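Visitor: Below is the structure I would like to discuss, written out as structure tokens.
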Amino acid sequence: MTYQEALRYLYDAAPAFHLVGAAAYKPGLDNVLALMAQFGNPHTKFHSIHVAGTNGKGSTSHLIAAVLQAAGYKVGLYTSPHLVDFRERIRINGQPIPQQEVVDFVEKIRNPQSPISRINPSFFEITMALAFDYFAQQQVDIAVVEVGLGGRLDSTNIITPLLSVITNIGFDHTEFLGNTLADIAREKAGIIKPNVPCVIGETDPETAPVFIEAAKRNGIYGEGLETTDCRIWFADQCGYLRKRRKNDVKECQLKGIYQEHNQQTAYVALQVLRNYTNHPLRITPSAIANGYAHVCTLTGLRGRWETLCEKPLTICDTGHNSHGIKYVAEQLQQYQISNLQSQIHIVFGMVNDKDVDVVLKLMPKDAHYYFTQAKTHRAIPAKDLAQLFGSGDVFSDVPSAVRAAQKNATDKDIIFIGGSNYVVGEALTLF
Numbered sequence: 005m006t007y008q009e010a011l012r013y014l015y016d017a018a019p020a021f022h023l024v025g026a027a028a029y030k031p032g033l034d035n036v037l038a039l040m041a042q043f044g045n046p047h048t049k050f051h052s053i054h055v056a057g058t059n060g061k062g063s064t065s066h067l068i069a070a071v072l073q074a075a076g077y078k079v080g081l082y083t084s085p086h087l088v089d090f091r092e093r094i095r096i097n098g099q100p101i102p103q104q105e106v107v108d109f110v111e112k113i114r115n116p117q118s119p120i121s122r123i124n125p126s127f128f129e130i131t132m133a134l135a136f137d138y139f140a141q142q143q144v145d146i147a148v149v150e151v152g153l154g155g156r157l158d159s160t161n162i163i164t165p166l167l168s169v170i171t172n173i174g175f176d177h178t179e180f181l182g183n184t185l186a187d188i189a190r191e192k193a194g195i196i197k198p199n200v201p202c203v204i205g206e207t208d209p210e211t212a213p214v215f216i217e218a219a220k221r222n223g224i225y226g227e228g229l230e231t232t233d234c235r236i237w238f239a240d241q242c243g244y245l246r247k248r249r250k251n252d253v254k255e256c257q258l259k260g261i262y263q264e265h266n267q268q269t270a271y272v273a274l275q276v277l278r279n280y281t282n283h284p285l286r287i288t289p290s291a292i293a294n295g296y297a298h299v300c301t302l303t304g305l306r307g308r309w310e311t312l313c314e315k316p317l318t319i320c321d322t323g324h325n326s327h328g329i330k331y332v333a334e335q336l337q338q339y340q341i342s343n344l345q346s347q348i349h350i351v352f353g354m355v356n357d358k359d360v361d362v363v364l365k366l367m368p369k370d371a372h373y374y375f376t377q378a379k380t381h382r383a384i385p386a387k388d389l390a391q392l393f394g395s396g397d398v399f400s401d402v403p404s405a406v407r408a409a410q411k412n413a414t415d416k417d418i419i420f421i422g423g424s425n426y427v428v429g430e431a432l433t434l435f
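The opening residue of the sequence shown carries number 5 in our numbering; numbering runs sequentially from there.
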């Protein structure tokens, strides 16, 4: 079996959410627990950090992983989805899992005589089992594990981490998680565990009571606890990063105004890991500074307000829902204000389970749009996006849209590429 054959088996045998959407969603933990038992429960053989949230959980996970690497730890990193190569989902110290490891694992699970065939695991469950088995075999010191969808019923919720992190709450995947911010928060609060510290990235009056109630149920907040014994922190109410930036964090490789929130959340999480867990970690100010300054280099993170070309300035970003696009639109507007002679060219595509109307209303009106569609069945046809927006050119694929924007833009202009992970992933292969 070749690596490409192994991937084809995974996608065909267990349809992936990033390809087919809701049909691939398999909530609950019984299936994954049965699967992990077949591999000797590797998730119990290393320390972990669990990261959930509507947006920013990938960036926050990479920031934490980068600092732990800089501190000298052997760090596993499990994230989703990938942008270009499946192996981006599973890394150790920034290096993607080798192709042969993927092939060997798939050959184990595709054996019809194996008990695994009776479990009928989902794509995400198989991928997570592969990651945890690999981390255990390679004896990582700690793994940073990003939630796939939600929290309470997500496959990753089988771990008991040193720390739980919930970056923020916004409207996304409402068909699974609920139609109010409080409902969505309850699902994500499902990763809060008894006596395990928790960091919440952003305070919101509708969701904060949900997290406090979950903290009370799990013995990390409330009556009987001294103030110093409480183990839930709202990162935006902590002054760590703002007060100590001059000493600890001189610059961060992650650009974009929204990354301020993720930097703050990760910083507070790192302070908790150093001071308040059952297994305190050795995290120095220099490790934080180095991790932040070189996060993309250390962990391989891409697609977060990433500059692809200088002339014309070409930037891509994976923001794909109203909560994330709000910051993208704000950043573009700031650029336009500071560069009055420039034109913004936007290559844009979305998938069909997002709040398209809300997202399009947030985008700049005085830009040249190149609506397109990625190679996924979930892509909204480009002509439908243009019709909803009211104007814009239409392209049947991402490369042709990017080429058109490059042809029309001058060296003083900016090209932005985004709207979905899939559009960004295809664009990355062009530069």
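We put the CB at the ideal spot given by N, CA and C, even for glycine.
For clarity, every value in this text was computed on a predicted model and none was experimentally measured.
1. As a quick exercise: from 359, 78, 210, 350, pick the residue whose alpha carbon is nearest that of residue 417.
2. So, with DSSP's three-state summary, where would you put residue 50?
3. Okay, do the stretch 205-225 and the stretch 290-301 touch, 3+ Cβ pairs below 8 Å being the bar?
4. What number of angstroms, rounded off, separates the C-alpha of residue 133 from the C-alpha of residue 39?
5. Could you tell me the alpha carbon to alpha carbon distance between residue 117 and residue 17, rounded to whole angstroms?
6. Decide if residue 125 is buried, meaning its Cβ has at least 16 other Cβ atoms within 10 Å, or exposed.
7. Is it true that the CB of residue 397 sits closer than 8 Å to the CB of residue 375?
8. Here's the rule I'm using: 16 or more other beta-carbon atoms within 10 Å means buried, otherwise exposed. How should residue 191 be labelled?
9. Over what stretch of residues does the alpha helix (DSSP H) that includes residue 223 continue unbroken?
10. Taking Cβ to Cβ, would you say residue 363 is nearer than 8 Å to residue 325?
11. According to DSSP, which residues form a beta bridge with residue 215?
12. Please work out which residues of its chain come closer than 6 Å, Cβ to Cβ, to residue 387, disregarding the five sequence neighbours upstream and downstream, and give them in chain order.
13. In terms of alpha-carbon separation, which member of 54, 422, 8 lies closest to residue 277?
14. Could you give the DSSP three-state label for residue 354: helix, strand or coil?
15. When the Cα atoms are used, what is the spatial distance from residue 188 to residue 414?
16. So who's on the other strand from residue 313, going by DSSP bridges?
17. Taking the C-alpha atoms as reference points, what is the distance between residue 28 and residue 42?
Guide: For this structure:
1. 350
2. coil
3. no
4. 7 Å
5. 16 Å
6. buried
7. yes
8. buried
9. Element bounds for residue 223: n/a, residue is neither H nor E.
10. yes
11. DSSP output for residue 215 lists no bridge partner at all.
12. 398
13. 54
14. coil
15. 43 Å
16. 318
17. Low local confidence applies: a pLDDT of 45 at residue 28 is under 50, so the model's placement there is unreliable, with the coordinate-based value given in what follows. Whole-angstrom Cα-Cα distance: 22 Å.
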